[in-house]
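Notes for the one structure printed next.
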Amino acid sequence: IETYMLETKLNSSVTRPAQRALLTFLVMAIAFVIAPLHAAVGDNVAAVSFQASDGWKITGTLYLPDNVAAPVPAVVLLTEPGWVDRSIYDNYLSRKLAKNGMAALSIDMRGTGGSAGGKEFEAFSPEELAKLQLDVSGAIKYLSAQKSIDPHRIGIVGSGITANYAIAEAADDAAVQAIVLISGDLSSHSMELVRTRLEIPAFYIAGKKDRKSLEQMAAAYAASGNEDSDLVLAVGHGTVMFSHTAGLEEQ
């Protein structure tokens with residue numbers, strides 16, 4: 007799916023029923039309180055934070071297009087918690103999305119990076135892992151509260167296990183118009199959501215030699231009922247595929 011398709015579909019007016027989302031992007035009042043912007047790191051790039059609905063502080067980096075005159079679409083970028091933090095997106099996707107007229111919010115999931123909160127991700131119980139969903143919901147609410155963001159045109163990029171949270175959020179929140187899943191490690195529940203409730207376009211990416219992820223992404227793609235969904239083969243695993251696969255970021 008080319009970058010021009012992303013721009014065209016996110017920035018065009020809706021011509022299909024509301025539930026039929028526009029495919030909007032690349033291979034992406036706050037829960038209770040919106041924290042103020044933290045130290046700016048560039049003219050259109052800022053470090054931000056917000057609180058999830060259970061009070062956990064989530065940190066992120068917000069990238070905005072130049073000269074925003076009207077609300078723009080936005081993408082939430084999720085990393086693989088416990089492995090990499092949001093800085094991985096400093097080199098991939100964030101700036102490209104902003105250059106093409108979309109905002110990008112990369113976040114550290116709880117237990118990782120600036121959102122560690124005093125407990126490492128690897129020590130989380132199953133109940134605590136389930137609360138990562140609150141981080142994603144909080145990110146959507148944060149973006150929706152910004153005057154420069156169109157709250158009805160939001161996408162999510164999920165990598166590894168966070169693909170599950172992207173799917174769950176898309177199934178429950180009509181603001182989410184498209185998702186990108188990178189080397190998704192999907193649960194049976196997520197696969198069921200894809201089959202029964204995921205009506206929006208989804209872009210699935212897997213390394214061609216990463217057999218487990220490829221099998222899961224292919225199965226999810228086959229189960230997708232949206233004609234704009236697509237499956238792309240790349241080199242490697244997770245977000246590092248952007249440095250190993252020529253042209254993947256543009257797709």
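Following the numbering used here, the numbering of the sequence shown begins with 7 at its first residue and continues without gaps.
For every residue, glycine included, the Cβ atom is placed at its ideal position computed from N, Cα and C.
Looking only at its own chain, which residues have a Cβ that is under 6 Å from the Cβ of residue i, when we skip the five neighbours before and after it?
i	result
valine 142	Tyr171 and Glu175
isoleucine 167	Asp191
lysine 128	Looking at the sequence shown, residue 128 is not lysine but glutamate. The answer, listed in chain order, is Gly88.
serine 196	Asn170 and Ile173
leucine 140	Ala58, Ser59 and Asp60
Give the DSSP bridge partners of residue i, in chain order.
i	result
glycine 164	Leu187
phenylalanine 56	Ile64
tyrosine 69	Val51 and Ala110
valine 182	Ile160
Can you tell me whether DSSP reads residue i as helix, strand or coil?
i	result
phenylalanine 209	strand
proline 132	helix
leucine 237	strand
aspartate 96	helix
aspartate 156	strand
valine 90	coil
valine 246	helix
lysine 125	coil
alanine 27	Note that alanine 27 scores a pLDDT of 34, beneath 50, so its modelled location is shaky and nothing firm can be said.
glycine 120	helix
alanine 45	Confidence in alanine 45 is poor, its pLDDT being 33 and thus under 50, which makes the residue's placement unreliable; the coordinate value appears in the next sentence. It is coil, neither helix nor strand.
By alpha-carbon positions, which one of the options ends up nearest to residue i?
i	options	result
valine 186	Phe248, Val90 and Ala208	Ala208
aspartate 96	Trp89, Gly66 and Ala76	Gly66
alanine 229	Val200, Val81, His243 and Thr245	Val200
lysine 105	Glu86, Tyr69 and Glu134	Tyr69
lysine 210	Val182, Ser112 and Gln222	Lysine is not the amino acid found at residue 210; the sequence shown has tyrosine there. That would be Gln222, whose Cα lies nearest to the Cα of tyrosine 210.
valine 81	Asn73, Asp91 and Tyr148	Tyr148
proline 79	Asn232, Arg159, Ala252 and Gln257	Arg159
arginine 116	Ser131, Gly161 and Leu103	Ser131
proline 77	Leu138, Ser235, Ser154 and Gly231	Ser154
alanine 51	Ser59, Pro87, Trp62 and Ser93	Checking the displayed sequence, the identity of residue 51 turns out to be valine instead of alanine. For valine 51, the nearest C-alpha among the options comes from Ser93.
glycine 107	Ser55, Ile206, Ala75 and Met197	Ala75
valine 54	Asp114, Leu84 and Gly123	Asp114
Just to confirm my understanding: we take residue i, look at its own chain, exclude 5 residues before and 5 after, and list those with CB closer than 8 Å. What are they?
i	result
lysine 214	Leu220, Leu239, Ala240 and Val241
histidine 243	Ser189, Gly213, Asp216 and Ser219
alanine 224	Tyr210, Ala212 and Leu237
If I measure Cβ to Cβ from residue i and keep anything under 7 Å in the same chain, skipping five residues before and after, which residues do I get?
i	result
arginine 101	Tyr69
leucine 254	Val33, Ala240, Met247 and Phe248
tyrosine 98	Thr245, Phe248 and Glu255
aspartate 179	Ile146
serine 193	Asn170
aspartate 72	Asn50
Check for me: the alpha helix (DSSP H) holding residue i runs from which residue to which?
i	result
alanine 229	217-229
leucine 140	138-150
glutamate 198	194-202
In terms of residue numbering, what span does the beta strand (DSSP E) encompassing residue i cover?
i	result
leucine 83	78-84
serine 112	109-113
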